[in-house]
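Residue numbers (our numbering), protein chains in the order written: chain A, 23 to 134; chain B, 2 to 116.
Down below is the structure, laid out as structure tokens.
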Amino acid sequence: GEDVEQSLFLSVREGDSSVINCTYTDSSSTYLYWYKQEPGAGLQLLTYIFSNMDMKQDQRLTVLLNKKDKHLSLRIADTQTGDSAIYFCAEYGTDSGYALNFGKGTSLLVTP
Amino acid sequence: DAGVIQSPRHEVTEMGQEVTLRCKPISGHDYLFWYRQTMMRGLELLIYFNNNVPIDDSGMPEDRFSAKMPNASFSTLKIQPSEPRDSAVYFCASSFWGRPYNEQFFGPGTRLTVL
Numbered sequence: 023g024e025d026v027e028q029s030l031f032l033s034v035r036e037g038d039s040s041v042i043n044c045t046y047t048d049s050s051s052t053y054l055y056w057y058k059q060e061p062g063a064g065l066q067l068l069t070y071i072f073s074n075m076d077m078k079q080d081q082r083l084t085v086l087l088n089k090k091d092k093h094l095s096l097r098i099a100d101t102q103t104g105d106s107a108i109y110f111c112a113e114y115g116t117d118s119g120y121a122l123n124f125g126k127g128t129s130l131l132v133t134p
Numbered sequence: 002d003a004g005v006i007q008s009p010r011h012e013v014t015e016m017g018q019e020v021t022l023r024c025k026p027i028s029g030h031d032y033l034f035w036y037r038q039t040m041m042r043g044l045e046l047l048i049y050f051n052n053n054v055p056i057d058d059s060g061m062p063e064d065r066f067s068a069k070m071p072n073a074s075f076s077t078l079k080i081q082p083s084e085p086r087d088s089a090v091y092f093c094a095s096s097f098w099g100r101p102y103n104e105q106f107f108g109p110g111t112r113l114t115v116l
């Protein structure tokens, strides 16, 4: 499928905000997702945004979508050590069949 | 519901041996996906099924890999013969078409090491 690109690593201090960025290329994407993978576990859906939305907020999480630039971001406010994980950006579009197209994941390290 | 169940959780085998990974999807889900995760290549979709029928196997690396879904509650991914480069974490995921935002539920994965 089309490429979904993410930076591989991000380190922040506890209490700061984290921003994880993602770019995608499939203009037919209808849903975009953020999945979280904790050590030794499978991926779990964190949040998603429909393509006709610009922003979605859910407690400490804010998702921003810029369709013109095909850019998706995830902001985590007041980042905690428990937020340390790998975060995957994914897209679903009519060109993907029924499969999701995942990025390679961003490893977030939160230091005390 | 117990979620997606995978077995074994860890598998260590020697090159040339046959490896079979197993998955039980969430009851009522009609899509099942097999992924492979490595440091170098990230998360790769290998194959997915709809109502037990393989829909897209273009991600299967080569003929050494095969997957089956004999019924709605069971799927296997087989590697024969296995090679060291097959070492990875293999995930199974399932989803339900009726769910509006197409969420996939992942199992805990099988960590495969081929010596």
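Don't be surprised by glycine CBs; every beta carbon is placed ideally from N, CA and C.
Next on the checklist: I need the straight-line Cα distance from V20(B) to L44(B), nearest angstrom please.
Outcome noted: 20 Å
Item to check | Residue-chain proximity (I56(B), chain A), Cβ-Cβ < 9 Å | outcome: yes
Next on the checklist: Taking 7 Å as the limit between beta carbons, can you name the residues of its chain near P9(B), skipping five residues before and five after?
Outcome noted: In its chain, beyond the 5 residues on either side, T111 have a beta carbon closer than 7 Å to the beta carbon of P9(B).
Item to check | Beta-carbon neighbours of F34(B), restricted to chain A and to distances below 8 Å | outcome: For F34(B), the chain A residues whose Cβ falls inside 8 Å of its Cβ are A121, in order along the chain.
Next on the checklist: Output needed for G115(A): all residues of its chain with C-beta closer than 7 Å, excluding positions within five of it in sequence on either side, in chain order.
Outcome noted: Counting only Cβ-Cβ distances below 7 Å, and skipping sequence neighbours, we find D48, S50, S51, T52.
Checklist entry - If L83(A) sits next to Y109(A), beta carbons under 8 Å apart, how far is it from one beta carbon to the other, in whole angstroms? => result With a Cβ gap of about 11 Å, L83(A) and Y109(A) do not count as contacting.
Next on the checklist: Which residues does DSSP list as the beta-bridge partners of Q38(B)?
Outcome noted: L44(B), V90(B)
Checklist entry - Could you check where the beta strand (DSSP E) with Q81(A) kicks off and where it finishes? => result No beta strand (DSSP E) holds Q81(A); DSSP gives it neither H nor E.
Checklist entry - If we count the other Cβ atoms within 10 Å of its Cβ and call it buried at 16 or more, is W35(B) buried or exposed? => result buried
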